[in-house]
Amino acid sequence: MDMSLQGPVEIQFLKERGYVRKRCPICGEYFWTLDPDRETCGEAPCEPYSFLGKAISEKSIEQVREDFLSFMEKRGHTRINRYPVIARWRDDLFLTSASIVDFQPFITSGLVPPPANPLTISQPCIRLKDVDKVGPTMGRHLTIFEMMAHHAFNSKERWVYWKERTVELFHEYATEVLGIPEEEIIYKEGIWEGGGNAGPDLEPIVRGLEIATLVFMEYKMVNGKYVPMDTKVVDTGYGLERITWLLNGSPTGFHAVYGKLVDDFMSLFGVGRVDDKFLMEYTKVSSLLRELEKGKSVNSLRREISKRTGIPLELIEDKIVPLELTFAVLDHTKALAFMLADGLVPSNVNEGYLGRLLIRRTLRILKQLGVEISLSELVSKQVDYWSSKGFPELKESIDRITDMLDIEQKRFEELLRRGRQLVRDILRSKKRVSEEDLVVLYESHGLTPEFVAQVAKEEGYEVKVPDNFFELIAAKHESKPPKPPELPDYVDELMKYSPTKPLYYQNPYLLNASAQVVGVIRGNGVILDSTVFYPEGGGQPSDVGYISWDGGSAYVERVEKYKGVIVHWVKGEAPPVGTKVSCQVDRIRRLNRMRHHSATHVILEAAKRVLGSHVWQWGAQKGDEVSRLDITHYKPITPDELRRIEEIANEAVMRNIRVNTFWLTRTEAEKRYGFEIYQGGVVPDPTLRIVEIEGYNVQACGGTHVIRTGDIGYIKIWRAKRIQDGVIRLEFSAGMPAVRKMIGMHEELKKVSSSLGVPEERLSDSIAELKEELKKLKSKLNELKGFELRSLISSALEKAEVVSGIKLAKVLVSDDYQLDEVVKKADKLLEESTAVVIIRDSGNRYNVALLTSEDIKGRVKAGSLIREITKSLGGGGGGNDKLGRGAIPREKLEEFLTKLRDSLIKR
RNA sequence: GGGCCCGUAGCUCAGUCGGUAGAGCGCCGGCUUUGCAAGCCGGAGGUCCCGGGUUCGAAUCCCGGCGGGUCCA
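First residue of the first sequence? That's 1 in our numbering, and the numbers climb one at a time after it.
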């Protein structure tokens, strides 16, 4: 922590009202209070909750929210709609964890104007960090909560308000809107850090509960140190759930937030009601447990609570544990409703993984409760509940949410089924489960140690789970920090030049133009004042072409752009600095790439329309002939869906829609089009280039595009395949490559059709028949070969010579037979005291095998015998006692047989 | 983005040291049984994921790819 962040937070407004600064003897933190005799900071666990059972007003959660927002509106703030809980506009975060996340990094740094200033918002936030505490803290911790906020962004040009006004606004809200007597408000001092910003803060405490955080963001992280920011940001966060709980004074926070859902879920799960007074007592005591903050095991804490309250431990475990689990389910299912409605696709990577984590955690809790109920049913209840409490948009996605959850639940049950078997197998073979086994079961199969121990117990084994299990796991993942992207070493040289004027943006069909050479780096990196060459970017490869000038010309292989400076890497001699040159872009390749790029946007939109709004671009690669578009989706695409996507895409082409490209500030673009513009990833610039297919699709994109969709030509999607859990790759072609490939394929089809003498539309049936026939013929052939082998071997056995009591038969076969099949057949026909030597002609050498009957295998030891003999003849071989195999040079056959006979005599 | 595990009959999976690819369930036929459940005998069914390498010989060892699972950030 930077020293400059410490020090008293002095607010004139509070001083004037008689607030004095004190230090809490328990937690050691500073706070402001009206009561000169007060000793502690008043926040649990320094002091217990005192609001339980003392309702201030019985306002519903949506009323509390509305009161706040309209109060702030009356005080000059503009109300802003909530952002998605998935932070699409951030590349450093998966989930929206605070209201300020909506405005980082460009608005807080002053590069982009805010959507309004000052503004007020109630932002649903998700934090999975404290997921273990959800339930045991009776409502203080939640994975999903609403952060109500008023933000002011102060710059030199426009100063809105700062510390004094912020505290005044809070104070007025708390006393007048909430009706809290001001002597009950304590302001605790603190320091807030997050998202690369920091600043001092005040945390208002009422009756033991922290209900808001008033942050004065004035520092930013630069090279690991905090330095003052040009802009000063008022970052407040009012806990809607906590405030509602405080006002209602209900036994737990869940009662205040989830209302009738609490009873609903409890009766669904068969969880018995707990007396309010008893529950309040429990909540109050648990608020005092500092250890809960430090992540000590919940079990040992229950023992502590039992000691302090005199409630028997059994009663706690009997009454409170099922209640805590129900609370966790209430919270998790709400979080899932928002995550999935906002487009999260469960998977094993990124935010999808977080979604799956929460889904599986909830399913485990339901198992623990012994409840057989589908997760989708519970989440549907949340959707119903919250769509009537200010989030009607949740309802739009209900079908998809249900579908996704049912699929996930099935997968999880399948996982447990397989896991059960796996644990049993380990127990069967090893009679125990080792620590390493636990790690493998967890990491490779997703089975928690608790599950393994449970299954083992059912099988009558005891498995000890090490206390530090997750430390063991963590240690294995203690890998190197991600390395920053490596910039080529010539970037410094490039930075000496001013940005190149990109002519390809003004007119994407302009393929030749003149320019002036302003520099040459590394001998063949040409920098021009302006260029028609498109540099690499947005999954679109760079242009190629020629630069020519009076006295020479050079082939442009590759074009790159760094911070606006474009460098053309040429093959051969570069033009001298100052030369006037003429640029010519390879027309066909540029057109192909442009068509493929625009086709990517068209197909993405078609996929969204067919599959749903959760479809998001995961990645894309544009080629000359074939391009790829990876999209998020939670189940395989059916052939029918794929055809509809293809049809919609081609319709969009034929409607010949106008494609507009223009620049907007991020705020303006987000306001106008939403976050769906960030399909190709987050663009790290304050201004965005927008590519709009009028009335069809809008994205932020830096590529070159056709000006009407008709220019794309035919779009053909070749196939869709799952490349990863939750991600599907579409491979397609557009324009002439698509047409040519389709013509080629049809020609091929015609050839097959005429060679089989079957009409094209009957080909697949006909081929299936042919395959069936082939199979029959093969098995007939094998049968015949078997007969032939049998007679071959039988006659060899009849003609066998006897060598020291062993019948030695000799079978010679052509390379039509595999050695294995001859050996197998011979083994079936073998009589007692018999050895068969099999010789297979394989061109330049013979494969040989010696097979003996069971009764003499110990005497002959075929494997070692063959090894000795083949080796002595310049070949190689080996095997077991019954069967030896090897190879010898062609000319050594007679010698081999002689040696074999001789050795048999010796044995 | 990084790590680990897996890919063998229709299904679930064994396969040791590199040396004749197996089991259970399912399927087909026969027998037994009043019938059913079942039992007994026999049979069909394999691109050992794909490609390359090492080797006399690869399901097995090595390299690359594809597919699936899972954990972490």
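Idealized CB from N, CA, C, for every residue including glycine.
Pick from the options that is closest to residue i, judged by C-alpha positions
i	options	result
D275	L416, K580, L315 and V227	L315
A453	E443, L438 and G446	L438
D881	T852, V752 and V433	T852
M148	L111, T244, V433 and K156	T244
D550	K741, K571, A515 and G674	A515
R930	P124, T326 and M594	Nothing in the structure corresponds to residue 930, since the chain is present only between 1 and 907.
L415	H445, A849 and P181	H445
M909	G190, G208 and E241	No information on residue 909 is available, as it lies outside the stretch 1 to 907 that the chain covers here.
L447	R17, L357 and F94	L357
E894	P84, K464, V848 and N656	V848
E443	A796, S548, V463 and G419	G419
T108	R242, L819 and N197	N197
I728	I566, S250 and V345	V345
R840	P105, V823, V615 and G874	V823
Y817	A796, D855, L789 and D132	L789
S122	V85, E157, M138 and R90	V85
Local Cβ density within 10 Å of residue i, reported as buried at 16 or more and exposed below that
i	result
P449	buried
L749	exposed
K751	exposed
L740	It should be noted that the sequence gives Arg, not Leu, for residue 740. So R740 counts as exposed.
V802	exposed
Y714	buried
K260	exposed
F662	exposed
N650	buried
Q421	exposed
Own chain partners of residue i with C-beta closer than 8 Å, once the 5 adjacent residues on each side are dropped
i	result
S542	F533, Y534, P535, E536, R558, V559 and E560
K871	G877
L897	K810 and V837
R589	D543, V544 and D624
V160	N117, P118, A152, F153, N154 and V234
E29	R23, C41, K188, E189 and G190
E478	Caution is warranted here: a pLDDT of 49 is assigned to E478, below 50, making its placement in the model unreliable, and no coordinate value can be reported.
7 Å CB neighbourhood of residue i in its chain, flanking five on each side removed
i	result
E164	I11, Q12 and F13
G18	L34
R938	The structure shown does not extend to residue 938, since the chain spans only 1 to 907, so no value can be given for it.
D425	none
Y385	L261
Straight-line Cα distance separating residue j from residue i
i	j	result
S267	N348	34 Å
L591	S387	47 Å
D765	E773	13 Å
G272	E58	25 Å
H332	M495	50 Å
L900	I869	7 Å
L301	L323	16 Å
R587	I712	15 Å
P200	P8	9 Å
L142	F391	18 Å
G460	S434	16 Å
L700	I211	In the sequence as presented, Leu is not what sits at residue 700; that position holds Ala. For A700 and I211, the distance between alpha carbons rounds to 39 Å.
H568	P499	13 Å
K480	E747	Below a pLDDT of 50, predicted positions are generally treated as unreliable, and K480, at 41, falls in that range; the measurement from the model is reported next regardless. Computed Cα separation, rounded: 54 Å.
R907	S814	30 Å
Contacting residues, own chain, Cβ-Cβ under 6 Å from residue i (five flanking each side not counted)
i	result
I645	A606, A607 and V610
S553	Y546
A44	G208 and S287
R628	Q621, R729 and E731
T834	K807 and S853
L830	S853
Check whether the segment 228-243 touches the segment 70-90, counting contact only when three or more Cβ pairs, one atom from each stretch, lie closer than 8 Å. no
Do the segment 48-61 and the segment 91-99 meet, that is, are 3 or more Cβ pairs less than 8 Å apart? no
Is there contact between the segment 688-701 and the segment 657-672, where contact requires at least three CB pairs shorter than 8 Å? yes
May I ask you to verify whether the segment 637-652 touches the segment 709-729, counting CB pairs closer than 8 Å and requiring at least 3? yes
Inter-stretch contact at 8 Å, needing at least 3 Cβ pairs: the segment 368-383 / the segment 114-128: no
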